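Residue numbers (our numbering): 9 to 169. A short write-up of the structure that comes next.
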Amino acid sequence: METPLLRYRLTDPAGFTTKVYATIIIAGGVWVCMTYPVVGVIMILFGIFPLVQYKCLEIDLYSGTYCMGINILGRTVGTREPYPGTKCIFLKKNRYFSSNSRRSWRPTASTSFDSFLWLEDGTKILLSRDGNKEDAMARIQPLAQELQTEIKDLTAPLSQI
């Protein structure tokens, strides 16, 4: 009997453009398979890979380990580390400035809301990066309920941990 795992998806599903490229690679692999079977099979595998993989955080509360890695068809590949417990999940607001714009000399600023899982040993794991605070809260709410931990909102002007 396998122990139940808490699996949290850290990346979004493949977008439309990625799906189109993957489909083209798979179709090309099928076409190449007629003359070069080994190369065609390799192309088909490379086309399928972006559709079935994503980055995830997997926490096994029974064995006391967590794994940050890539999930491929339900199996997480990565190193398992001891899970010390959770302090909290916190939401932080970041501003990024970029000045390399071809259209203007003024720097452009963008804001993102980053959510982190803060472990007891001081490790901080980036859970999501969203442009909207409501989207970020909606993403981390299910994990906070499963881990039975609080969410600290550090986006207020004078908030501290």
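All C-beta atoms in this analysis are idealised placements derived from N, C-alpha and C, irrespective of residue type, glycine included. These numbers were taken from a predicted model, which means no experiment stands behind them.
Alpha-carbon to alpha-carbon, residue j and residue i
{"i": "Thr84", "j": "Leu127", "result": "20 Å"}
{"i": "Phe54", "j": "Asp143", "result": "32 Å"}
{"i": "Thr163", "j": "Pro150", "result": "20 Å"}
{"i": "Gln160", "j": "Phe98", "result": "Contrary to the premise, residue 160 reads as Lys rather than Gln in this sequence. If I take the Cα positions, the gap works out to 5 Å."}
{"i": "Ala22", "j": "Gly86", "result": "20 Å"}
{"i": "Pro92", "j": "Met76", "result": "15 Å"}
{"i": "Val46", "j": "Ile56", "result": "16 Å"}
{"i": "Leu134", "j": "Tyr44", "result": "43 Å"}
{"i": "Pro12", "j": "Asn140", "result": "32 Å"}
{"i": "Thr3", "j": "Ile32", "result": "This structure cannot speak to residue 3, because the chain is shown only from 9 to 169."}
{"i": "Cys96", "j": "Val60", "result": "31 Å"}
{"i": "Leu125", "j": "Val40", "result": "45 Å"}
{"i": "Lys132", "j": "Gly48", "result": "42 Å"}
Residue i and residue j closer than 8 Å at C-beta
{"i": "Ser120", "j": "Asn102", "result": "yes"}
{"i": "Tyr70", "j": "Glu89", "result": "no"}
{"i": "Ala35", "j": "Pro58", "result": "no"}
{"i": "Glu158", "j": "Leu14", "result": "no"}
{"i": "Val38", "j": "Ile52", "result": "yes"}
DSSP-derived helix/strand/coil call for residue i
{"i": "Glu128", "result": "coil"}
{"i": "Arg29", "result": "Correcting the residue type first, residue 29 is Tyr in the shown sequence and not Arg. Helix, per DSSP."}
{"i": "Glu154", "result": "helix"}
{"i": "Asp20", "result": "coil"}
{"i": "Glu51", "result": "The sequence given here places Met at residue 51; Glu does not occur at that position. Helix."}
{"i": "Leu59", "result": "helix"}
Distance between beta carbons of residue j and residue i, contact taken as under 8 Å
{"i": "Arg17", "j": "Cys64", "result": "5 Å"}
{"i": "Thr19", "j": "Tyr62", "result": "5 Å"}
Outcome for residue i when other beta-carbon atoms lying within 10 angstroms are tallied against a minimum of 16
{"i": "Leu81", "result": "exposed"}
{"i": "Met42", "result": "exposed"}
{"i": "Ile148", "result": "buried"}
{"i": "Ile67", "result": "buried"}
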